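Engineer:
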Amino acid sequence: MPTALITGITGQDGSYLTELLIEKGYVVHGIVRRSSITARGRLDQLFHRDDVYNKRLFLHYADLGDTTTIRRIVLKCVPDELYHLAGQSHVGASFDIPETTCDFTAMGTLKLLEILRDLDNIPKFLHISSSEIFGRPDESPQNELTPMRPVTPYGIAKAFATQMVTLYRESFGLFACNAICYNHESPRRGESFVTRKISRAAAAISLGLQDSLSLGALDGRRDWGYAPEYVDAMWRMLQQPEADDFVIATGTAHSVKDFLAAAFDAVGLQWQDYVKQDPRYMRPSEGTHLVGDAGKAAAKLHWAAETQLPKLAELMVQADVAMMKAASKASDSL
Ligand code: G4F
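Residue numbers (this note's numbering): 128 to 461.
(1) Nearer than 7 Å: is that true of the beta carbon of asparagine 310 relative to any heavy atom of the ligand G4F?
(2) Can you tell me which of the three DSSP states arginine 349 falls into?
(3) Which residue comes first and which comes last in the beta strand (DSSP E) that contains threonine 130?
(4) Which parts of the stretch 330-400 are runs of the alpha helix (DSSP H), unbroken and 4 residues or longer, counting only runs that do not cross its ends?
(5) Going by the DSSP bridge assignment, what does leucine 186 pair with across the sheet?
(6) Go ahead and pull the three-state DSSP assignment for glycine 419.
(7) Rounded to whole angstroms, what is the Cα-Cα separation between threonine 196 and glutamine 172?
(8) For lysine 203, does the three-state DSSP call read helix, strand or coil?
(9) With a threshold of 7 Å, establish whether the CB of valine 278 neighbours any heavy atom of the ligand GTP.
(10) Following the continuous alpha helix (DSSP H) through glutamine 139, name the residue where it begins and the one where it ends.
(11) Which residue or residues does DSSP assign as beta-bridge partners of isoleucine 255?
(12) When the Cα atoms are used, what is the spatial distance from leucine 345 to valine 278?
(13) Using the three-state DSSP reduction, which class does leucine 428 fall into: helix, strand or coil?
(14) Figure out for me which residue from Gln397, Pro264, Met128 and Gln269 has the closest Cα to the Cα of aspartate 338.
(15) Going by C-alpha to C-alpha distance, which of Leu191, Met234, Asp245 and Val179 sits closest to valine 154?
(16) Who are valine 402's beta bridge partners in DSSP?
(17) Skipping 5 residues on each side, what residues in its chain have a beta carbon closer than 6 Å to that of asparagine 270?
(18) Taking 8 Å as the cut-off, decide whether the C-beta atoms of serine 333 and valine 448 are in contact.
(19) Can you have a look at leucine 239 and say buried or exposed, based on whether 16 or more other CB atoms are within 10 angstroms of its CB?
(20) Measuring alpha carbon to alpha carbon, tell me which residue in Glu413, Leu132, Arg407 and Tyr309 is nearest alanine 376.
(21) Would alanine 393 and alanine 440 qualify as a contact pair, given that the criterion is a beta-carbon distance under 8 Å?
(22) With respect to the beta strand (DSSP E) encompassing tyrosine 295, which residues constitute its N-terminal and C-terminal limits?
(23) Which first and last residues belong to the beta strand (DSSP E) in which leucine 209 is found?
(24) DSSP three-state label for glutamine 435, please.
(25) Whole angstroms is fine: what's the gap from aspartate 405's alpha carbon to leucine 417's?
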């Protein structure tokens, strides 16, 4: 059985990737941060499978900065593939906590690469990079050769990590790849990202549980895809004969207003009746024209995004409606 190690296993992408790898017959080890609150809900289905938990799925505690512990975990698990998904991933928050963002997202990646460089059997390595490395690009759509012009602390940290991965591939011969992922969403998306904030609000307003929704800039455009499809692209990258970087995107940009329209339409409402703008959610600086050209992924990985807006918004809203109805039923039965 092939063995994979995943940093950020409890996140949206980590949980979908774990499901994919378990389905493909892998043994999966995941690194989680120690905290007094157990936040592993996204892996629940796998935890309840007797044939999986502690048989083919194992969790280990470590912070990204704790190189001694991470080295020990890597030596113990002997992974064939290492998927590095962890980091401080909120772009807006990166303006408030730039040092933490750079420690986790930039230095955390370099520390992992340094651990790998010393191993006798170096696993194939995938780093989840981001469209934020392009910031305000000169060309649209962007591809793997588009120059990086990040305009946020998060984007700068990701640009550093991305370039280090390329450097370790070219200078030290590591099988190390960057998946340059554009925004990818799902019902498991964190609640502070705009799509999930909107899908939850549309669901709650339609059920009479919320009156309004406060957002920041509504004209920003993003290339939004469906997360389970993106983790499939990551896996495909590590099955290639040679390590390389790939843009993973739908190729279509939409505004926050487009997402709002699709999400509220899914519950028969007009977003203009409920949405307020709040300066608290405005960012000091924003990426623009972020839309990806995934032509190389199509040619080499035989991968293409399938789910587009408004289907994505609709499936997220429907999942939130179902979740809220189930929660209210459960509290009624107490
Ligand atoms: O949902 P967002 O916070 O995503 P953002 O900033 O594009 O970053 C996400 O995608 C990147 C590319 O894959 C990742 F690298 C990154 O880790 C993260 O997953 O914001 C999307 C847009 C922005 O233009 C933002 O200004 O929505 C706008 N927005 C408007 N009101 C808001 C809000 N964003 C958030 N989070 N919250 C708001 O209230």
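Glycine is no exception: its CB is placed at the ideal position from the N, C-alpha and C atoms.
A quick note: this is a predicted structure, and the numbers were derived from the prediction, not measured.
Structural biologist: The structure says:
(1) Yes.
(2) It is a strand residue.
(3) It spans 130-134 - the beta strand (DSSP E) in which threonine 130 sits, taken as one unbroken run.
(4) Taking only runs of at least 4 residues, the alpha helix (DSSP H) segments lying wholly in the stretch 330-400 are 354-365 and 383-392.
(5) Answer by DSSP bridge pairing, in chain order: Gly157.
(6) Strand.
(7) C-alpha separation (whole angstroms): 28 Å.
(8) Of the three classes helix, strand and coil, the one that applies to lysine 203 here is helix, per DSSP.
(9) This structure does not include the ligand GTP; its bound ligands are the ligand G4F.
(10) Unbroken alpha helix (DSSP H) run through glutamine 139: 139-150.
(11) Ala306, per the DSSP bridge assignment.
(12) Straight-line Cα distance between these residues: approximately 18 Å.
(13) Reduced to three states, the DSSP call for leucine 428 is helix.
(14) The shortest Cα separation from aspartate 338 among Gln397, Pro264, Met128 and Gln269 belongs to Gln397.
(15) Of the candidates Leu191, Met234, Asp245 and Val179, Val179 places its Cα closest to the Cα of valine 154.
(16) According to DSSP, valine 402 bridges with Leu340.
(17) Val374 and Asp420, listed in sequence order.
(18) Between serine 333 and valine 448, the C-beta spacing is below 8 Å.
(19) With a 10 Å radius around the Cβ and a threshold of 16 neighbouring Cβ atoms, leucine 239 comes out buried.
(20) Ranking the options by Cα distance to alanine 376, first place goes to Tyr309.
(21) It is a contact, given that the beta carbons lie within the stated cut-off.
(22) First-last for tyrosine 295: 280-299, but that is the alpha helix (DSSP H), not the beta strand (DSSP E).
(23) 208-211 is the span of the beta strand (DSSP E), which, as asked, contains leucine 209.
(24) Assigned with DSSP and collapsed to three states, glutamine 435 falls in coil, not helix or strand.
(25) Cα to Cα, the separation comes out at about 23 Å.
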